[in-house]
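In our numbering, the protein residues as written are 87 to 354.
What follows is the structure, encoded as structure tokens:
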């Protein structure tokens, strides 16, 4: 990103400049290996988690800074699997900017279209844009109800231990709280934290290991920061309608997703 970029304040109704994006096999393999995930799980298809970051960077290219922002809620819909190397057109619009005690929440609708104009991926998002003058202040608007309640029966699917080296290898320019200790401390965190999209890779890998999805519709909630030295588990509900990342020691939910719809690619 150019140091001469002129940032603009987010405002409702602002539309991103459409752009063409793709995920190459080399890029997917590099980033998944940084996460400790086998790229072979996804075969020749794109892990949909990548479209979270691609949506954020579409905003950056249009002049909307992501520096210091924290992902709160992500809706991710795959209408069909995307082939590695397949070019898609990304479009986006800021739908709301809302003052909260810690700064502002920014709601964005981002989607990806194929060559025929069909919507392939949907990636609506809500993020917190902190006000630097309010560091230490709590409150980011209404907190959505938990997807996974205390009594929910969960099956552990995988366990992961992050290292700073992994998180730095995965992270890209655009938000230094993911790879720089000083930046994370200035934002009020004890250490760098992984981006929301990085955490979603672990959810996707677990789901794809069960069955390659055709349609997949998730509402993802980022409940607690996942720091670059965290150990966590991937767990799914007995009803297969929710999946989460939870702290290995305490069992506290870090990221959780409601599975609104899921169908097998083979059945499509």
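Cβ atoms here follow ideal geometry from the backbone N, Cα and C, with glycine treated the same way.
Of all C-beta pairs linking the segment 308 to 318 to the segment 268 to 279, three or more are shorter than 8 Å, placing the two stretches in contact. Boundaries of the alpha helix (DSSP H) around residue 114: 111 to 121.
Judged by DSSP in its simplified three-state form, residue 253 adopts helix. With contacts defined as CB atoms closer than 8 Å, residue 261 and residue 155 qualify as a contacting pair. Beta bridge pairing from DSSP links residue 93 with no other residue. Spatial neighbours of residue 200 in its own chain (CB-CB distance under 7 Å, excluding positions within 5 residues in sequence) are listed in chain order as 174 and 206. Membership of residue 170 in any beta strand (DSSP E) is not indicated, and neither H nor E is assigned to it by DSSP. Annotated as distal: residue 328 and residue 288, with beta-carbon spacing of 8 Å or more. With respect to residue 247, residue 304 sits apart: the two C-beta atoms are not nearer than 8 Å. Residue range 136 to 147 is occupied by the alpha helix (DSSP H) that includes residue 136.
Here residue 118 has 125 as same chain residues with Cβ atoms under 6 Å from its own Cβ, once five neighbours each way along the sequence are excluded.
DSSP links residue 190 through a beta bridge to 185 and 215. Apart from sequence neighbours up to five positions away, the residues of its chain that approach residue 120 with a beta-carbon distance below 7 Å are 252, 255 and 256, ordered along the chain. Taking a C-beta distance under 8 Å as the contact criterion, residue 149 and residue 93 qualify as a contact pair.
For residue 320, no alpha helix (DSSP H) encloses it; the enclosing beta strand (DSSP E) starts and ends at 317 to 323. The beta carbon of residue 122 lies closer than 7 Å to those of 246 and 252 in the same chain, with the five residues before and after it left out.
Between residue 233 and residue 342, the gap from beta carbon to beta carbon is short of 8 Å. Straight-line spacing of the CA atoms in residue 198 and residue 302 works out to 15 Å. Minimum Cα-Cα distance from residue 91 among the listed residues 202, 165 and 146 corresponds to 146.
If you look at residue 339, you'll find it in the beta strand (DSSP E) that goes 339 to 350. Residue 208 sits in a strand when the DSSP states are folded into three classes.
With fewer than 16 other beta carbons inside 10 angstroms of its own, residue 349 counts as exposed. In the structure shown, residue 269 falls within a helical segment according to DSSP collapsed to helix, strand and coil. Selection 236, 235, 273 and 284 evaluated against residue 258 yields 284 as nearest (Cα-Cα).
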